[in-house]
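Here the protein sequences come in this chain order: A and B. When you line the first sequence up against this note's numbering, it's residues 1 to 319, in that order. When you line the second sequence up against this note's numbering, it's residues 320 to 851, in that order. For every residue, glycine included, the Cβ atom is placed at its ideal position computed from N, Cα and C. Down below is the structure, laid out as structure tokens.
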Amino acid sequence: MNTRHQPLYAYLLAALVMVGLSYGLPLLLPGDYIEAVYGSSQVVLDAEQEAQLRQELGGRKGFAAHLWGLVTLDWGHSLALQTPVSRLVLEALPWTLLLLGTAHLLALVLGFIAGVEAAWRRGGRLEKAGVGGATMLQGVPEIGSGVLLLLLFAYHLGWFPAGGATTAYAELSGGPWLLDVLHHLALPLLTLVLAYLPGNFLLTRAGMVMILGSPYLETARAKGLPPLRVRYVHAARNALLPVLTRFGLRLAFMITGALVVETIFAYPGLGTLLFTAIGSRDLPVIQAVVLLAALLMLLINLGLALLHRRLDPRIGHAL
Amino acid sequence: MSSALLRNLTIVSVFLLLLGGGPATTSYAGNETRTLKIADGRGDWGYPNPFLHYPRGVGYIRMSWVFDTLVWKDESGFIPALAQEWSYDPEHLAFTFKLNPKARWHDGEPLTAADVVFTVAYFQKHPYHWVMLDHVKEAKAIDRHTVTIFLTRPYAPFISNIGGIMPILPRHIWQEVSDPRNFNEPSAFIGSGPYVFKNFDQARGSYLYEAFADYYQGRPTAERLIYLRAGQPLVALTGGQADLANIRPEMAAQLRQRGFEIISDQRGWNKKLMINHRRAPFNERKFRQALAHAIDRREIIDRAHRGFGAPASYGLLSVDHPMYNPDTPDYPTDQAKARQLLEHLGYRADAQGYYHRDGRPLKVELLASTITAAGETAADRDGEVIRRQLNAVGIRVELVNLEQATTDSRVRNWQFDLALSGHGGIGGDPLILVEMISGEVGAGSVNSARFDDNPELARLLREQMTAMDPDERRRLVHRIQELHALEVPAIPLYYPDSLAAYQPAKGVRWFFTPGGIGKGVPIPQNKVSLLP
């Protein structure tokens with residue numbers, strides 16, 4: 001076996017395990033769709049009606065059929081909505097990508113720049129305030145900041161809508177539609193940026209502080225390179241690695257990480273889809289979202305490993 | 320995860336809402352009745368037709384805009400809908416309905432007696448679980464606009480639970496449909512109701528309906544009706560994104576000051592303590608009675624709900640129900656009495672006051688979870704208060720907080736000691752007593768006590784279903800309440816205050832329907848509000 005490809009085989013094996021787990025784990029949830037949806041509803045079923053309903057909804061797919069379904073891109077139908085799962089996932093995925101992707105990128109870029117600048121101004125008032133503020137913010141859970149922002153900007157000030165991704169049935173297009181999307185995106189995005197940014201800031205700053213004392217930077221300064229170049233090209237590049245790792249790990253939890261914020265702001269992403277599906281034991285939907293989350297995590301990990309190899313050649317030898 | 324999340328959300332938001340001043344209010348330019356928006360926390364309740372809506376009441380309401388029934392309810396009771404008038408012939412066990420000749424389907428076809436005959440036969444073949452047709456023999460068209468439904472035996476809840484709930488289907492569409500659960504073509508949503516279904520966005524949990532211009536009771540007052548999902552429906556209401564939403568009682572005064580109209584429901588929903596009466600020691604009536612004496616329901620309301628609620632009748636039927644029995648036995652909070660009953664059963668207290676019997680400590684598990692009422696899910700601290708109260712009389716309690724579907728599954732499979740639960744319908748037809756007490760009928764419900772140990776109770780539950788004379792039925796229902804209170808197969812705890820707020824500037828007056836819509840749905844979205 002070519003050792004260069006060993007990690008890829010490991011990822012492939014992990015992906016197969018994920019497929020098995022995403023099928024098997026949701027089956028361990030207590031109760032099933034009929035119990036969860038009909039059990040506490042206004043409808044009272046007798047044993048015969050329940051059996052008939054189960055028959056109408058179709059039996060549980062075996063693992064072989066599930067696997068074949070994945071290969072042929074037939075992910076089954078939602079029990080609740082009688083709609084192809086792939087359609088539900090594809091409708092929700094863009095909103096999660098928009099919200100989480102933008103939040104992670106903004107938090108990465110802003111956190112990184114702020115961290116570099118703070119380390120450069122080490123000991124200054126601004127740096128102290130930044131570190132204090134970020135440490136405090138890091139302790140605030142998304143649920144707290146999200147509700148706070150919602151109540152301040154939506155309830156009291158009325159500047160932003162209470163939830164959703166667009167104004168329902170507003171029939172907008174082009175620029176007004178985009179503005180409407182951004183208007184709805186603002187509060188959940190701000191909540192997530194506030195949650196992710198402090199960690200990136202503190203990590204970058206700590207990394208930079210250690211690097212700033214390195215002899216090679218003295219050399220760079222002695223050569224008369226402009227401070228901005230010394231700061232970002234020579235120093236910050238080496239502080240980037242842990243931040244990128246953190247970015248990747250957080251991004252890998254994109255789907256499940258969005259659950260809380262999507263719920264607070266009724267944002268129509270995969271987190272909301274998963275949350276609702278678990279509550280009603282809609283197994284095909286749960287299995288699909290769990291699998292997607294797991295594969296996404298693998299894919300991002302693989303991407304990170306490759307990126308690390310490029311950024312730090314020493315890692316290449318370890319891989 | 321879900322219960323912890325919801326609990327935290329609720330606590331944080333209520334605290335902040337109360338802390339802050341008033342909300343930003345949206346001004347309405349003129350009388351904007353063209354579009355009405357209703358917000359709820361979940362949004363998605365299935366497609367609005369009988370076979371695709373979710374079985375909870377909110378799903379039924381979504382469908383009720385599109386499909387009309389023979390009879391409907393408003394604040395005064397039963398009113399004509401597709402049927403202008405109806406009568407009962409006891410000799411032939413037959414209900415005859417005179418249909419409104421102006422009724423049309425959304426595609427313009429006339430609605431006739433043949434559609435009603437078809438609907439009954441179709442639901443007998445493909446059951447619509449909101450309507451039980453076990454007592455129905457057949458339906459026959461007498462003429463184009465007169466239909467008679469024959470029963471196999473008397474059925475007292477007929478008008479409320481068949482005439483008032485069964486959506487009438489268009490024969491010309493459904494006669495070709497053999498698999499109704501997989502039928503979601505646009506024609507699957509052609510009804511005869513005041514609104515035409517236009518769209519359901521599954522991802523966003525939003526619905527769009529448009530007024531049916533040829534509606535037989537006149538064109539609805541709002542052109543468009545929109546449902547939308549909002550994490551916090553109250554914020555959507557005050558921000559002007561919604562015109563009607565359920566609210567928490569503590570917000571009422573502040574919203575009233577801001578010009579919102581506040582409406583409150585009758586006591587038609589109760590929180591209750593499920594008891595596994597198939598397992599010792601709960602299979603002993605005296606033990607269940609001891610629990611009832613030990614639990615201070617007023618304290619639960621005060622501590623966990625800021626006083627917004629009222630203790631429930633031990634007879635299960637709501638105190639606002641016309642057949643409520645005021646002489647239903649009561650269990651005043653009395654720790655001494657609870658201890659006395661336990662000691663009578665052979666329990667002995669140790670030095671700390673905790674009971675033992677046969678060398679084993681008296682220790683029970685209490686399951687708690689978030690409960691969905693009227694489409695909204697709210698967390699509370701009822702379990703913590705009850706644990707403390709039972710501890711105080713010497714019963715050790717292990718409180719286990721679980722996600723609702725997990726609790727439901729354990730209750731349904733009798734894998735529990737005590738569990739907190741709740742349901743509506745107790746202000747509607749007394750059929751609810753059968754469903755929530757009898758094991759034979761309520762086998763599939765996690766809210767049903769499924770208690771058949773008292774032969775008199777079991778017999779009366781059956782008899783009241785066939786008592787067509789209201790006075791006779793009242794007598795039977797009164798006795799059922801007494802027996803339920805005596806046996807306490809589950810303990811009705813309290814009726815939480817149920818409120819909604821709406822924007823009066825929209826020119827629509829929303830109301831809670833006494834006894835609930837259809838099968839007791841405690842939601843103020845009665846289509847009568849939007850009729851001219």
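Residue 641/B Cβ short of 7 Å to the ligand GDP heavy atom set: What this structure holds is no ligand at all, so the ligand GDP is not there to describe.
Close beta carbons around residue 658/B, own chain, < 6 Å, minus the five adjacent residues each side: 712
Every unbroken alpha helix (DSSP H) within the stretch 160-228 of chain A, with a cutoff of 4 residues, ordered by chain: 174-212 and 215-222
Three-way DSSP call (helix, strand, coil) for residue 233/A in this model: helix
C-alpha gap between residue 348/B and residue 559/B, whole angstroms: Because the pLDDT at residue 348/B is just 38, under 50, the model does not fix this residue reliably, and the point stays unresolved.
DSSP-derived helix/strand/coil call for residue 580/B: strand
Whole-Å CB distance - residue 818/B paired with residue 571/B, under 8 Å assumed: 6 Å
Cβ distance (whole Å) where residue 681/B is taken to contact residue 705/B below 8 Å: At roughly 15 Å, the Cβ-Cβ gap does not stay under 8 Å, so residue 681/B and residue 705/B are not in contact.
Residue span of the alpha helix (DSSP H) that contains residue 470/B, given as start and end: Element bounds for residue 470/B: not the alpha helix (DSSP H) but the beta strand (DSSP E), 465-470.
Own chain partners of residue 247/A with C-beta closer than 7 Å, once the 5 adjacent residues on each side are dropped: 104 and 108
Validate contact between the stretch 548-556 of chain B and the stretch 785-797 of chain B using beta carbons, cut 8 Å, 3 pairs: no
Residue 717/B (DSSP reduced to helix, strand or coil): strand
Minimum Cβ-Cβ distance from residue 163/A to chain B less than 8 Å: yes
Cβ of residue 348/B within 8 Å of any chain A Cβ: Bear in mind that the predicted position of residue 348/B carries a pLDDT of just 38, short of 50, making it too unreliable to give a figure here.
Contact with chain B by residue 44/A, beta-carbon distance below 8 Å: yes
Start and end residues, alpha helix (DSSP H) containing residue 491/B: 490-493
Close beta carbons around residue 346/B, own chain, < 8 Å, minus the five adjacent residues each side: Summary for residue 346/B: the model assigns pLDDT 40, below 50, so the residue's position carries little reliability, and this model does not support an answer.
Residue 47/A to residue 188/A span [Cα, whole Å]: 45 Å
Cβ of residue 843/B within 8 Å of any chain A Cβ: no
Outcome for residue 167/A when other beta-carbon atoms lying within 10 angstroms are tallied against a minimum of 16: buried
CB contact below 8 Å: residue 173/A versus chain B: no
Residue 737/B in three-state terms, based on DSSP: strand
Of the residues 302/A, 264/A and 13/A, the one placed nearest residue 361/B, counting alpha carbons only: 264/A
Where residue 434/B falls: helix, strand or coil (DSSP): helix
Nearest-angstrom Cβ-Cβ length linking residue 716/B and residue 739/B, presumed shorter than 8 Å: With 8 Å as the limit, residue 716/B and residue 739/B do not qualify as a contact, their Cβ atoms being about 12 Å apart.
Distance CB(residue 804/B)-CB(residue 795/B) smaller than 8 Å: no
Straight-line gap, residue 497/B to residue 828/B (C-alpha atoms, nearest Å): 41 Å
Limits of the unbroken alpha helix (DSSP H) element including residue 663/B: 654-663
Neighbour-count burial assignment, residue 68/A, 16 or more Cβ in a 10 Å radius: exposed
Whole alpha helix (DSSP H) elements within the stretch 790-815 of chain B, 4-residue minimum: none
Beta carbon proximity, residue 727/B to chain A, threshold 8 Å: yes
Residue 258/A versus residue 845/B: straight-line alpha-carbon distance, rounded: 36 Å
Proximity of residue 588/B and residue 743/B at Cβ, strictly below 8 Å: yes
Three-state class that DSSP yields for residue 561/B in the structure shown: coil
Assigned secondary structure, residue 779/B (DSSP; H/G/I helix, E/B strand, else coil): helix
Residue of 631/B, 833/B and 414/B minimising C-alpha distance to residue 590/B: 631/B
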